[in-house]
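Listed in order, the protein sequences are those of chains A and W.
Heads up, the first sequence is in my numbering, so the first residue is 1 and it goes up one at a time.
Heads up, the second sequence is in my numbering, so the first residue is 269 and it goes up one at a time.
Structure, as structure tokens:
There are 2 protein chains.
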Amino acid sequence: MNFFEGEMSLEKVRQTLIRLEDTIIFQLIERSQFGRNKIIYENNKFGFKNFSGSFLEYYVRERESLDSSIRRYDSPDELPFFNKLQSPILPKLEYPKVLHPNNINVNNKIWDSYINNVVPRICPIDDDSNYGSSATIDISCLQALSRRIHFGKFVAEAKFTDPKYHEEYVKLITNKEKDKIYELLTNKEVEKKLLARVEKKARTFGQDIEFKDNEIPHLKIQPTLIPELYRDFIIPLTKEVELEYLLNRLNEPNMSEEEKQGNLYLIF
Amino acid sequence: MNFFEGEMSLEKVRQTLIRLEDTIIFQLIERSQFGRNKIIYENNKFGFKNFSGSFLEYYVRERESLDSSIRRYDSPDELPFFNKLQSPILPKLEYPKVLHPNNINVNNKIWDSYINNVVPRICPIDDDSNYGSSATIDISCLQALSRRIHFGKFVAEAKFTDPKYHEEYVKLITNKEKDKIYELLTNKEVEKKLLARVEKKARTFGQDIEFKDNEIPHLKIQPTLIPELYRDFIIPLTKEVELEYLLNRLNEPNMSEEEKQGNLYLIF
């Protein structure tokens, strides 16, 4: 059974987000074995013809073009970093609609934070020439972070439809009370548990099983980095997505939004 | 500093292989969260026009075509699963030559074993419709396994050039004594330690930090599966690559082999 079958509950959404933490931590650990290699993020360093962006930008664009052709971005939990994608070459599939039509995409912010704040903090080596390997893992990291953060839409939808809060959300949205919506979205207890959990995951998955001092294994990344990333980057952006989604939750969708959101989609 | 700089030693090769174990185990754990989804491995199930292979085959071909354009397969430790790749669109770079020119590529065998033996054993669910996600991780798994197994070439080169064994290898290769070469390549002690280590890694990295019974965390994959995969699939294929490499180690390379191996390469 896949995620969108059956009823969507906040609990089901949370389970998906908890599993996604493992993916994000695995990929960041993978990235940390290579140098920062900032040349791959700088424009015009690799001699592409007729392309003036960075190596990573070129690679992500081409990967997204391929992935769109096999319907990745028909799925509401996958959003591209660049426009001008290929149309799917496979027949469309019909799936139940879960989200209110929307065009929310904060991938620009994710890209900037990842390259400027995350990579320099997890990669101790400056440049090791592993440009292709680094870019390959960058894509996995960016996609996992993007999926996590845009899952805020599902979180918001689940909270909005929860009978316990529905009336209050409708009232706050109608009055455009941003701060109060933000407050109602925030569950300090859940956030605190999350930060403790991701640190424990980083400490567990980052163990270097081969190398130990007095039976204490070396760690491949500083484990406190992961809760810091969640606190300063992932959680705030997720909540930005949730807020944006809710602010538009009561709007009548126009046709182009409907089209973009896709009534028809599939799990990627 | 990258792998091919400085002197290549068996110890340096082994460190790379030990780190690659983590990558392989991470990716297999990632794959295990989705269904087996065998439809993606079957021909003609997805309605591609003018293509009669499987969904995964289509996706790997296209990914390899893109990756070859940014020089992935110029690197001697990256081998494609399919032919007919794009020429690099980036200028070639010159790197020191490490391996004896060769065309050894056992990716067909890796593909078959992975799809028919590995996936069914790590994926408890039959079909969950996550075809794109499954295929995306399949590519990461296949590439990590391929890199690991073809690293046998570097293992063999390091063993061949080790002064302690060099003369003996030359003699055995000259006399084409396959069984004795295989025996000399085998280090039972190292293999035993490896099997214990990868089980420990699977047990550590596969922990489901959130869910516990009596403080014992659930495991995302059966940890004994990983040493079994190494014993029955990864180690034998690596040694097949080592043996093949050594049997041709004293041949004069002809020009086309030289060309294919590429005196000019870069780390991907």
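All residues carry an ideal CB built from backbone N, CA and C; glycine is no exception.
Can you have a look at residue i and say buried or exposed, based on whether 16 or more other CB atoms are within 10 angstroms of its CB?
i	result
A:Pro76	buried
A:Asn130	buried
A:Val190	exposed
A:Leu266	Caution applies to A:Leu266, whose pLDDT of 35 falls short of 50 and renders its modelled position unreliable; the value that the coordinates give is listed next. Flag for A:Leu266 reads buried.
A:Ala196	exposed
W:Asn519	exposed
W:Ser355	exposed
A:Ile29	buried
W:Asn312	exposed
W:Glu451	exposed
A:Gly35	buried
W:Phe479	exposed
W:Leu505	buried
A:Lys192	exposed
W:Asp394	exposed
W:Glu510	buried
W:Pro491	buried
W:Gly315	exposed
W:Asp335	buried
A:Asn102	buried
W:Pro388	exposed
A:Asp74	buried
A:Gln143	buried
A:Thr23	buried
A:His150	buried
W:Val281	buried
A:Thr174	exposed
W:Asn375	buried
Could you spell out where the alpha helix (DSSP H) holding residue i opens and where it closes?
i	result
A:Pro236	Ile235 to Leu247
W:His418	Tyr399 to His418
W:Ile286	Leu278 to Ser300
A:His166	His166 to Thr174
A:Pro227	Leu225 to Leu229
W:Val458	Lys456 to Phe473
A:Glu183	Lys178 to Leu185
W:Ile214	Since the first residue of chain W shown is 269 and the last is 536, residue 214 of chain W is not available in this structure.
W:Lys313	Per DSSP, W:Lys313 belongs to no alpha helix (DSSP H) and is neither H nor E.
A:Asp112	Asn107 to Ser113
Name the chain W residues whose beta carbon is nearer than 7 Å to that of residue i?
i	result
A:Ile70	Tyr327 and Gly400
A:Gln207	Thr472
Can you name the residues of chain W whose CB is closer than 9 Å to the CB of residue i?
i	result
A:Gln222	The premise fails here: A:Gln222 is roughly 17 Å from chain W at the closest Cβ pair, so nothing lies under 9 Å.
A:Pro91	Phe314 and Gly315
A:Glu62	Leu334, Ser337 and Ile338
Which residue marks the beginning of the beta strand (DSSP E) containing residue i, and which one marks its end?
i	result
A:Leu93	No beta strand (DSSP E) holds A:Leu93; DSSP gives it neither H nor E.
W:Ile338	Here W:Ile338 belongs to no beta strand (DSSP E), and DSSP marks it neither H nor E.
W:Ile484	Ile484 to Leu487
Run through chain A and tell me which residues come within less than 7 Å of residue i, C-beta to C-beta.
i	result
W:Thr429	What W:Thr429 touches in chain A: nothing, since even the nearest Cβ is about 23 Å away.
Starting from residue i, find everything on chain A with Cβ-Cβ shorter than 8 Å and list it in chain order.
i	result
W:Glu478	Ile18 and Arg197
Check whether the Cβ of residue i lies closer than 8 Å to any heavy atom of the ligand ZN, and answer yes or no.
i	result
A:Arg14	Inclusion of the ligand ZN in the displayed structure is not the case, the ligand content being empty and no account of it being possible.
Between the stretch 287–302 of chain W and chain A, which residues of the former have CB atoms less than 7 Å from a CB of the latter, in chain order?
Arg287, Thr291, Phe294, Glu298 and Gln301
Using a Cβ-Cβ cut-off of less than 8 Å, list which residues of the stretch 447–469 of chain W approach chain A; keep chain order.
Arg465, Lys468 and Lys469
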